[in-house]
Amino acid sequence: ETGVTQSPTHLIKTRGQQVTLRCSSQSGHNTVSWYQQALGQGPQFIFQYYREEENGRGNFPPRFSGLQFPNYSSELNVNALELDDSALYLCASSDWLGPTNEQFFGPGTRLTVL
Amino acid sequence: LAKTTQPISMDSYEGQEVNITCSHNNIATNDYITWYQQFPSQGPRFIIQGYKTKVTNEVASLFIPADRKSSTLSLPRVSLSDTAVYYCLVGDEGDTGRRALTFGSGTRLQVQP
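The listed protein sequences correspond, in order, to chains D and U.
Numbers in the working numbering are just positions in the first sequence, counted from 1, shifted up by 4.
Numbers in the working numbering are just positions in the second sequence, counted from 1, shifted up by 191.
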């Protein structure tokens, strides 16, 4: 069974640029959630996708957008990057119909905005 | 979503039992209590989940009193590899867990030799 994978592992961008982060969900999981984790803080929910539809969104501006594909993999896009967007971006997958609310996290993508 | 309060940090020694208590005064009837562990530069990892009384698995125990306004994660005989941040989360299993997880700042556990 393959776990959650994310790419790239590290990324450096400059202010104003756009970035796309990718996530492959765990086999058998149909739900993907994205989180932003600033240094020293807990992860903050960005949004979630279930069956290719956005199913919930946290307090993030519209320049944070996403996609889920038929194979349940997902992308997070961030436009007009700001310095405060520097963080660890985590993807988590889960089974919407599973017996618990356990989410399986990937290793994250470390984004640095200069 | 219920707000949780945990100690910012704790220190322990190898072989000791560690108990981390989380306060969640406004927990709702349908809410479950879940704990996650996170190592530096890694995603959080599910440890244990419970609704009431006591739950035990191969790595931890979770104690929940009758009023459910707090919970205690118990790690038996910790080792250096248990040094991590531990998050207590409260939410409706049928809703929050499958829609979003709300993390606080967590408890930073440092295990010394």
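A virtual CB, placed ideally from N, CA and C, is assigned to each residue, including glycine.
- No Cβ of chain D is located within less than 8 angstroms of the beta carbon of U:Ser-200.
- Within 7 angstroms of the CB of U:Leu-292, the CB atoms of chain D belong to Phe-49, Gln-107, in sequence order along the chain.
- The C-beta distance from U:Ile-239 to U:Trp-226 rounds to 5 angstroms, short enough to meet the 8 angstroms contact threshold.
- In terms of Cβ geometry, U:Ser-262 and U:Ser-252 do not form a close pair [threshold 8 angstroms].
- Our two residues, D:Gln-21 and U:Asn-210, have alpha carbons roughly 45 angstroms apart in a direct line.
- Here the stretch 193-202 of chain U lies against the stretch 275-282 of chain U, with 3 or more beta-carbon pairs under 8 angstroms apart.
- According to the DSSP secondary-structure assignment, U:Lys-245 is paired through a beta bridge with U:Phe-254.
- Following the DSSP letters along the chain, one finds U:Ser-214 inside the beta strand (DSSP E) bounded by residues 209-214.
- In this structure, DSSP gives D:Asp-99 a state outside helix and strand, which the three-state scheme calls coil.
- Within the model, the alpha-carbon separation for D:Leu-15 versus U:Arg-259 is close to 43 angstroms.
- Counted as a single uninterrupted DSSP element, the beta strand (DSSP E) harbouring D:Asn-59 occupies residues 57-61.
- Inclusion of D:Ser-90 and D:Leu-115 in the CB contact set at 8 angstroms is warranted, their separation being smaller than that value.
- Residue environment analysis places D:Asp-88 among the exposed positions, since fewer than 16 neighbouring C-beta atoms fall within 10 angstroms of its C-beta.
- For U:Arg-268, the closest alpha carbon among the candidates U:Gln-207, U:Thr-293, U:Met-201 is that of U:Gln-207.
- Boundaries of the beta strand (DSSP E) harbouring D:Gln-48: 48-54, taken from the DSSP string.
- Neighbours of D:Gln-45 in chain U, taken as residues at a C-beta separation under 7 angstroms, are given in chain order as Ser-296.
- Proximity of U:Gln-233 to chain D, defined by a Cβ-Cβ separation below 8 angstroms, is satisfied.
- For U:Tyr-278, at least one C-beta of chain D is nearer than 8 angstroms to its own C-beta.
- Between D:Gln-48 and D:Phe-108, the gap from beta carbon to beta carbon reaches 8 angstroms or more.
- For D:Arg-67, no beta strand (DSSP E) segment is defined, and its DSSP state is neither H nor E.
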